[in-house]
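Top line first, the protein sequences correspond to chains A and B.
Once you know that position 137 of the first sequence is 328 in our numbering, the rest is easy, because the numbers rise by one and skip nothing.
Once you know that position 153 of the second sequence is 154 in our numbering, the rest is easy, because the numbers rise by one and skip nothing.
Remarks on the structure that follows.
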Amino acid sequence: MPDENVRIVVFSSAALFAFIAFFIIYFVILYRNRQLKNKKEQERLQAAFKQELLKTQLEVQEQTLNYVSTEIHDNITQVLSFVKLTLGNIAGGIEEEKKGKVLETRELVAQSITDLRDLSKSLSFEHIASQGLIRTIEKEVERINKSDLIEVALEQEGNSYSLGEQRELVLFRIFQESLNNTLKYAEAKHLKIMLQYDTDLFTLMLEDDGSGFSTESIENKNGSGLRNIENRAAMIGGAATINSSPGKGCKIKVILNPLKQQLY
Amino acid sequence: MNIQEIISFLLLFIVLVIGVVCYSKLTTPFRLLALSIPATLILDLISKVSSHLYKTNAWVLHLECLVLYVFYSSVYYHLFQRRTTKKVVLVLTLAVVVFAVINALFLQPVVKKTFPSYLYLVTNTMLVIYSLLLFKQMLLYPVSIRITSQGVFWFNTSMLFFSTTMFLNLGLINYYAKLTKGDDAIYYFWYGSYYILYILTGVALLCNYKEKESKYA
């Protein structure tokens, strides 16, 4: 066979193979890029969906709490006030022995009314918004200390500033969730609450001396209260860390950059 | 039978075994692809017998080109997602069948033992277009599976490779027919193209067998 013909075959086939190989490699790279882009987009959508879901859950929860708050304030406390008034009237026209018991009952009703009003305020979004985070937490601490369930100490560092209504509400709900967990499960005697206001960092910390728990046990529980704390913190652009081990209490820390803008 | 033909039959046989073993777990388009292998094997054997007995295999080549085109078109029909594209594939397949009949009777008559180069050109042009369309579709709707693990990628690559090299094969064969007598360098290239087609088809079948979740499945 003439050399020229061999050259033509070799050259043509090599050129064609090279062209197809180049095309396939280019396609693979392009495809890989598309896959990565799609993956990122999917992750972004999932994160947005998760945030939207959490936001909706919080809105529903807030509506429920507001409803309960209104019911306590407008209905139960009104009824109790009427009972208190009636007891006061009865006390005026009965003998001394029974009068003491009636007045004692009246005092108990009065105390219940005060407690319910405080509870109503701690549930109400408007109240939290108008009072601000520190004042609302202070009120809550006072209420818990009165109950003698646990000794709560509140500390503040730095000059306080507003974090915005929504973020303060979420932080207050985180505080409530943590407090609730401590009261329900920790068997703690002391709870220390710290609010730190730095220029570019806000920190909320709750530390109890209770029975503690293994943090690994909550890793896979999506619906747990502690997981909710982490999710809520993430939703307002912050981060929550939960440190605990059996017998060594629990420390929950939420940090937040007050300058960082968040959609929520 | 020369060594190139033996290798070709051996590869076809291996791919046939892969197709038979994996058949039950293959998706519809890949089942069709697997079915194209025994069809190729049978037609190639008939071609050899025909060459031996009647000194021509032109009629088998006419038939083989058409049969394989119908198989590959039906694979693409199932792989394409857009209804319009599917309809176009269907219509073009019918058109090619009609053209194949006309070509076999009038343009490059079987009775005159003419090689069906027109039919090869038409079918391979179609397959190159389908292949590029499927690559485009893959880019538009990428799946999370690694591309080298996707049967559809290997099948499409084999089609693109084979159909484009076929143009070169045909072009070079004509050139050789004019300038040389009995030179067979081009046939190495011809067989090489078939070897790669068979190997990639086997890989495509194996990948589809292993795929668990795919948009194309």
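Quick reminder that beta carbons are idealized off the backbone N, C-alpha and C, glycines included.
Since the structure is predicted, the reported quantities are computational estimates derived from the model, not experimental observations.
Below-8 Å beta-carbon distance, residue i vs any chain B residue
i	result
A/I211	yes
A/Y222	yes
A/R358	no
A/F202	no
A/I216	no
A/L207	yes
A/R198	no
A/V219	yes
A/R225	yes
A/N350	no
A/Q448	Sequence inspection shows Asn at residue 448 of chain A; the Gln mentioned does not correspond to that position. By this cut-off, A/N448 is not an interface position.
A/N229	yes
A/G414	Low confidence applies to A/G414: its pLDDT is 47, below 50, so where it sits in the model is not reliable, and the reading given next is rough at best. No, A/G414 lies away from the interface with chain B (no Cβ there is under 8 Å from its Cβ).
Cβ separation of residue i and residue j, assumed to be a contact under 8 Å, to the nearest whole Å
i	j	result
B/F168	B/N104	Going by Cβ atoms, the distance from B/F168 to B/N104 rounds to 17 Å, so no, they are not a contact pair.
B/N209	B/L44	Going by Cβ atoms, the distance from B/N209 to B/L44 rounds to 24 Å, so no, they are not a contact pair.
A/L324	A/V332	Going by Cβ atoms, the distance from A/L324 to A/V332 rounds to 12 Å, so no, they are not a contact pair.
B/F31	B/G203	That pair is no contact at about 11 Å.
A/I216	B/T158	No, A/I216 and B/T158 are not in contact; Cβ-Cβ is about 11 Å, not under 8 Å.
B/S164	B/L128	4 Å
A/F316	A/E253	5 Å
A/S260	A/L314	4 Å
A/L417	A/G429	Not confirmed; about 15 Å, so no contact.
B/L12	B/Y199	4 Å
Inter-residue Cα distance where the pair is residue i and residue j
i	j	result
A/N372	A/P437	15 Å
B/I146	B/L140	13 Å
A/R308	A/K380	26 Å
A/K444	A/Q237	26 Å
A/E342	A/K230	49 Å
B/L201	B/F156	7 Å
B/F100	B/L69	15 Å
A/L450	A/G403	34 Å
A/I281	A/C441	50 Å
A/N413	A/L340	Confidence in A/N413 is poor, its pLDDT being 48 and thus under 50, which makes the residue's placement unreliable; the coordinate value appears in the next sentence. Approximately 29 Å, taken between the alpha carbons.
A/V293	A/L362	42 Å
B/T57	B/S51	6 Å
B/L107	B/K137	A quick correction: the sequence has Phe, not Leu, at residue 107 of chain B. Distance between the alpha carbons of B/F107 and B/K137: 37 Å.
B/L17	B/A35	7 Å
A/R297	A/A239	53 Å
Neighbour flag for residue i against chain A, beta carbons, 8 Å
i	result
B/I4	no
B/S118	no
B/L135	no
B/F190	yes
B/F162	yes
B/I187	yes
B/L80	no
B/T126	no
B/S150	no
B/M198	Strictly speaking, residue 198 of chain B in this sequence is Leu, with Met absent from that position. No, B/L198 lies away from the interface with chain A (no Cβ there is under 8 Å from its Cβ).
B/S145	yes
B/T28	no
B/T158	yes
B/I8	no
Below-8 Å beta-carbon distance, residue i vs any chain C residue
i	result
B/L169	Among the protein chains in the structure shown, which are A and B, there is no chain C.
Residue i Cβ short of 7 Å to the ligand PLP heavy atom set
i	result
A/N372	Looking for the ligand PLP in the displayed structure turns up nothing, as the structure carries no ligands at all.
Does the pairing of the region 279-290 of chain A with the region 397-408 of chain A give three or more beta-carbon distances under 8 Å? no
Every unbroken beta strand (DSSP E) within the region 317-403 of chain A, with a cutoff of 3 residues, ordered by chain: 342-348, 381-388, 393-399
Using 8 Å as the threshold, is the region 189-199 of chain B in touch with the region 215-225 of chain A, meaning 3 or more CB pairs across them? no
Does the region 326-333 of chain A come into contact with the region 421-429 of chain A, if we say contact requires no fewer than three beta-carbon pairs (one atom in each stretch) closer than 8 Å? no
Counting beta carbon pairs with one atom in the region 35-42 of chain B and one in the region 88-103 of chain B, are three or more of them shorter than 8 Å? no
Quick check: the region 342-351 of chain A against the region 381-390 of chain A, are there 3 or more CB pairs under 8 Å? yes
Would you call the region 115-135 of chain B and the region 194-209 of chain A touching, i.e. three or more CB-CB distances under 8 Å? no
Tell me whether the region 301-315 of chain A and the region 266-277 of chain A touch, counting them as touching only if at least three CB pairs, one residue from each stretch, are closer than 8 Å. yes
Every unbroken alpha helix (DSSP H) within the region 32-89 of chain B, with a cutoff of 4 residues, ordered by chain: 59-80
At 4 residues or longer, and completely inside the region 137-196 of chain B: list those alpha helix (DSSP H) runs for me, N to C. 152-180
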